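Start counting the sequence shown at 425; every next residue gets the next number (the working numbering).
Glycine included, every Cβ here is placed at the ideal spot set by N, Cα and C.
Fair warning: this is a prediction, and the values are worked out from it, not measured in the lab.
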Amino acid sequence: MGWMSWERFRCNVDCYKDPDNCLSEKLFMRMADHLADDGYRDAGYVYLVIDDCWSERQRTNDGYLMADLERFPRGLNFLSDYIHSKGLKFGMYTNYGHSTCMGFPGTEDHDMEKDAERFAAWKIDYLKVDGCHTTAKQQSKGYTRFSEYLNKTNRPIVYSCSWPYYDLFLNKVEDKDVSVWLRPITPVVDGMHSYAIAIINHNTSYSAQVWLPLDQLGLNYTKGYQFRNVIAMQDLGTYFPHNRHEAGVQSTGVVLLKAVPNRG
425 MGWMSWERFR CNVDCYKDPD NCLSEKLFMR MADHLADDGY RDAGYVYLVI DDCWSERQRT
485 NDGYLMADLE RFPRGLNFLS DYIHSKGLKF GMYTNYGHST CMGFPGTEDH DMEKDAERFA
545 AWKIDYLKVD GCHTTAKQQS KGYTRFSEYL NKTNRPIVYS CSWPYYDLFL NKVEDKDVSV
605 WLRPITPVVD GMHSYAIAII NHNTSYSAQV WLPLDQLGLN YTKGYQFRNV IAMQDLGTYF
665 PHNRHEAGVQ STGVVLLKAV PNRG
């Protein structure tokens, strides 16, 4: 058990306006002190995990991930040593894909060896690997391959693999956190209904990134559908049965889409 930054601090990187609550060296040292001094560590809460938004916006010139220099001025080796000195375990985050869920550099196939080496060099004990911006087919190979690189470092690291979580979304299976509801509506074009699609995130803590394969939803009109986000009043363009629609849903939030068959 442990503590993860996303639960409370999300992606707050504005240390100028909010120095006490932004994701920074100062914050994680403070949280380490709380876990160690207030009885949480002794009760079994031993993992302190940095979630998304910790890195620079770009990799280094030689292709490595790097902590934000302003928010982590002494680097992650210093922070790792501090957390371990408190009798805690150090966890970090990356995302399998070109970018993380919040737009920071992700771990693509050609980055895996370097990223595994870098995380091991930072002496982490736990790694959460998210799955935004990738497909189920990519994930089935990518997550397995990255685990092999992590094992090659010879450092014991808990591999928190988000792959099954995204598989659940891709298969449109309702669970306790996310449900997807469809209803046929008008207009009807060439005998094909339009659809209202509601994506509901029942979770009170986490946002959700949901991939909707149109063919699995039953949207099989070969000429495609015009998608619109009804609540945001935003036209999203044309989608065909072989496409997937990606939607981000805030905790306890809903995304309402309208899909209208293309005419002619």
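Just measuring C-alpha positions, the residue of 539, 610, 607, 552 sitting nearest residue 576 is 539. If you draw a straight line from the Cα of residue 651 to the Cα of residue 604, it is about 16 Å long. The secondary-structure analysis by DSSP pairs residue 604 across a beta bridge with 623.
Residue 449 sits in a helix when the DSSP states are folded into three classes. Annotation: the continuous beta strand (DSSP E) that includes residue 636 extends over 632-637. The DSSP-derived three-state label of residue 659 is strand. Residue 430 carries a helical assignment under DSSP once its states are collapsed to helix, strand and coil.
DSSP places residue 540 within a helical segment (H, G or I) once states are collapsed to three. In this structure, the alpha-carbon of residue 561 lies about 18 Å from that of residue 524.
In this structure residue 531 is buried. Its beta-carbon is surrounded by 16 or more other beta-carbon atoms within 10 angstroms. With contact defined as three or more Cβ pairs closer than 8 Å, the region 480-487 and the region 437-448 are not in contact.
Counting the other CB atoms within 10 Å of its CB gives residue 674 a total below 16, which places it among the exposed residues. By the 16-neighbour rule on beta-carbons within 10 angstroms, residue 654 is exposed. Cβ-Cβ distances below 7 Å link residue 431 to 629 in the same chain, with the five nearest sequence neighbours on each side left out; the list follows chain order.
Short of 8 Å from the beta carbon of residue 501, and not among the five residues preceding or following it, lie these beta carbons of its own chain, in chain order: 545, 546, 547. Taking the Cβ atoms as the reference, residue 428 lies roughly 4 Å from residue 473, within the contact range of under 8 Å.
Under DSSP, residue 683 shares a beta bridge with 619, 651. If the five residues before and after residue 602 are omitted, its C-beta is found closer than 8 Å to the C-beta atoms of 592, 593, 623, 624, 625, 626, 627, 632, 634, 673, all from its own chain and listed in chain order. Shown here, residue 552 sits in a strand according to DSSP, grouped into three states.
Per the DSSP secondary-structure output, residue 672 pairs in a beta bridge with 633. For residue 464, there is no enclosing alpha helix (DSSP H), as DSSP marks it with neither H nor E. Within the model, the alpha-carbon separation for residue 665 versus residue 637 is close to 8 Å. Per DSSP, the continuous beta strand (DSSP E) segment holding residue 584 begins and ends at 582-585. Taking C-beta atoms as the reference points, residue 555 and residue 520 count as a pair closer than 8 Å. Judged by DSSP secondary structure, residue 520 falls outside any alpha helix (DSSP H); it is assigned neither H nor E.
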